[in-house]
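Numbering (my numbering), first residue to last: 49 to 608. Glycine included, each C-beta is placed from N, C-alpha and C at the ideal position. What you are looking at is a predicted structure, and each value in this text was computed from that prediction instead of being measured.
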């Protein structure tokens, strides 16, 4: 029996503008009548006639409303002429897994249901983003088109009576307007695990993990924070690499993440930090809700900043089989990320790119074969194996380095600093601030730092003197498609390479999140206390920005 397509009248909702990685709002916003339907219809319409007969990938991090949204999206895809949808079992797919499936099946793109590292549950956050045919987040041109469509939408298409069982792996076919519509409910993990086996030497990693080549098994604590990576971690680390069962914790995806805030940093992954500090662990790792972010710590909770993690992996890239086979091209970081990887690029004689925050800016460079490794200070690291950052990939890269060097995490970092020097780095997050006041603060600071007399100005604190070399609102011209992104964050660069960066985040669901980044380079004093080394520059940043006066905050919500 043929299924009937319905056209449902609707009206636009304000504010359906995707941020740096999709549309994120409270669950109660997405569950308004027609809200999700409107946005999904606009995603499909933004693809024009290419949506007809296409293949799309669909899945998310398992947070509250994920499965219901999957069912809605399948019905809308069917009504709009999509030929095939591959959806993860139970609606579950990590963001890196979506990217891999898009590339494997040469799909038109994928719809990812996640609010990433934001809290989940009926009172918290949900999100939808579109990834393009290269597997990466939609670029500005596409998200701007989606947003424009949301402001004028008057109806959406849907097949109300299409029923799909997402719990069973199966190929389901339907007759829609005398054409076959297929929904493949696929194993959420298999494709991604196959890809990891193609990148890394699992035999060597298994020998490391099980202790075949060392005095004892590697002692790990891997925390999935009740997010999507639980199933991936169990398959890779327990089944493939032979880790002990107690190595993996919080490995069941939960709709509210078990009350955890699935953001892998020193504040929200405190349980991991405490357990590794108190216990006999060689390495600890945590991942966020959708699996694209990671935190790495060594024995006694020795913290690896994401900037240092990126630089270390860059230095050792060729110990990973994938890069020995395919070669090492350029390296890149987001603008707020400390410039540690720049020093590696210089030593290796590789191109280095500085791009705005948002993984989509790396995609063009990867597609043009000018970039193979990149990262963001917000705990994102990845390579050109897909077009998303990839938390599990980063941990496997670190294990590969440990296997190659025979050293622990802390010793690897100290050896790195002895070669390159150290970029002391911190980020202060002030969450859910008054947006109007934050915008006033950014305007005031930009006006100050762009005055001609600001360059050359000296700032002193605690016996340290900093001389301004560059001050601007960062802009980026894409070397591939020549597109230009402006107003990407205020930065003050000093003569010694130290930096202050201030920007408003686009990943929150309400209010404004102010992010203050401090990057201080030291060539000789590489073993100092990070808090002590950064204190003078932090005080100068607060003086320049007048952050406390504008936000009313005397301390950040999160320090990383």
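For residue j and residue i, the rounded distance between their alpha carbons
{"i": "residue 104", "j": "residue 412", "result": "21 angstroms"}
{"i": "residue 113", "j": "residue 303", "result": "8 angstroms"}
{"i": "residue 497", "j": "residue 238", "result": "51 angstroms"}
{"i": "residue 140", "j": "residue 576", "result": "43 angstroms"}
{"i": "residue 517", "j": "residue 60", "result": "47 angstroms"}
{"i": "residue 33", "j": "residue 354", "result": "The structure shown has nothing for residue 33, since the chain only spans 49 to 608."}
{"i": "residue 491", "j": "residue 499", "result": "13 angstroms"}
{"i": "residue 345", "j": "residue 351", "result": "5 angstroms"}
{"i": "residue 167", "j": "residue 72", "result": "11 angstroms"}
{"i": "residue 480", "j": "residue 421", "result": "32 angstroms"}
{"i": "residue 315", "j": "residue 607", "result": "7 angstroms"}
{"i": "residue 526", "j": "residue 416", "result": "12 angstroms"}
{"i": "residue 506", "j": "residue 540", "result": "12 angstroms"}
{"i": "residue 241", "j": "residue 470", "result": "34 angstroms"}
Sub-8 angstroms separation of residue i and residue j beta-carbons
{"i": "residue 386", "j": "residue 567", "result": "yes"}
{"i": "residue 50", "j": "residue 224", "result": "yes"}
{"i": "residue 446", "j": "residue 331", "result": "yes"}
{"i": "residue 220", "j": "residue 212", "result": "yes"}
{"i": "residue 408", "j": "residue 184", "result": "yes"}
{"i": "residue 383", "j": "residue 503", "result": "no"}
{"i": "residue 273", "j": "residue 349", "result": "no"}
{"i": "residue 233", "j": "residue 214", "result": "yes"}
{"i": "residue 248", "j": "residue 343", "result": "no"}
{"i": "residue 605", "j": "residue 477", "result": "yes"}
{"i": "residue 305", "j": "residue 275", "result": "yes"}
{"i": "residue 582", "j": "residue 513", "result": "no"}
{"i": "residue 69", "j": "residue 101", "result": "no"}
{"i": "residue 117", "j": "residue 161", "result": "yes"}
{"i": "residue 324", "j": "residue 282", "result": "no"}
{"i": "residue 229", "j": "residue 288", "result": "no"}
{"i": "residue 603", "j": "residue 564", "result": "no"}
{"i": "residue 367", "j": "residue 433", "result": "no"}
Any C-beta of chain C under 8 angstroms from that of residue i
{"i": "residue 586", "result": "The chain labelled as chain C is not found in the depicted structure, where only one protein chain is given."}
Reduced DSSP secondary structure (H/G/I, E/B, other) of residue i
{"i": "residue 487", "result": "helix"}
{"i": "residue 598", "result": "helix"}
{"i": "residue 154", "result": "coil"}
{"i": "residue 411", "result": "helix"}
{"i": "residue 519", "result": "strand"}
{"i": "residue 312", "result": "coil"}
{"i": "residue 100", "result": "coil"}
{"i": "residue 431", "result": "strand"}
{"i": "residue 574", "result": "coil"}
{"i": "residue 351", "result": "strand"}
{"i": "residue 540", "result": "strand"}
{"i": "residue 290", "result": "coil"}
{"i": "residue 588", "result": "helix"}
{"i": "residue 453", "result": "helix"}
{"i": "residue 437", "result": "coil"}
{"i": "residue 84", "result": "helix"}
{"i": "residue 71", "result": "strand"}
Residues bridged to residue i (per DSSP)
{"i": "residue 178", "result": "159"}
{"i": "residue 533", "result": "524"}
{"i": "residue 381", "result": "402, 423"}
{"i": "residue 569", "result": "471"}
{"i": "residue 192", "result": "Answer by DSSP bridge pairing: none, since residue 192 is not bridged."}
{"i": "residue 221", "result": "230"}
{"i": "residue 268", "result": "331"}
{"i": "residue 54", "result": "206"}
{"i": "residue 642", "result": "For residue 642 there is no data in the structure shown, the boundaries of the chain being 49 and 608."}
{"i": "residue 675", "result": "Lying before the first or after the last residue shown, residue 675 is absent from the chain, which here runs from 49 to 608."}
{"i": "residue 560", "result": "481"}
Chain-order list of residues whose beta-carbon lies under 6 angstroms from that of residue i (same chain, five-residue window excluded)
{"i": "residue 136", "result": "107, 236"}
{"i": "residue 174", "result": "75, 78, 113, 163"}
{"i": "residue 393", "result": "379, 400"}
{"i": "residue 210", "result": "51, 123, 126"}
{"i": "residue 298", "result": "271, 272, 273, 274"}
Residues near residue i in its chain [Cβ-Cβ closer than 7 angstroms; skip 5 each side]
{"i": "residue 165", "result": "310, 311, 336, 337, 341"}
{"i": "residue 401", "result": "378, 380, 413, 419"}
{"i": "residue 286", "result": "293, 296"}
{"i": "residue 290", "result": "254, 257, 258"}
{"i": "residue 91", "result": "159, 178, 194"}
{"i": "residue 542", "result": "514, 515, 516, 517"}
{"i": "residue 277", "result": "142, 335, 339, 439, 440"}
Contacts around residue i, its chain only, beta-carbon distance under 8 angstroms, and the 5 residues preceding and following it disregarded
{"i": "residue 493", "result": "538, 550, 592, 593, 594"}
{"i": "residue 138", "result": "110, 115, 214, 215, 236"}
{"i": "residue 54", "result": "127, 205, 206, 207, 208"}
{"i": "residue 465", "result": "574, 575"}
{"i": "residue 486", "result": "552, 560, 562, 598, 599"}
Closer than 7 angstroms: residue i CB and nearest the ligand MN heavy atom
{"i": "residue 418", "result": "In terms of ligand content, the structure shown is empty, and the ligand MN therefore cannot be addressed."}
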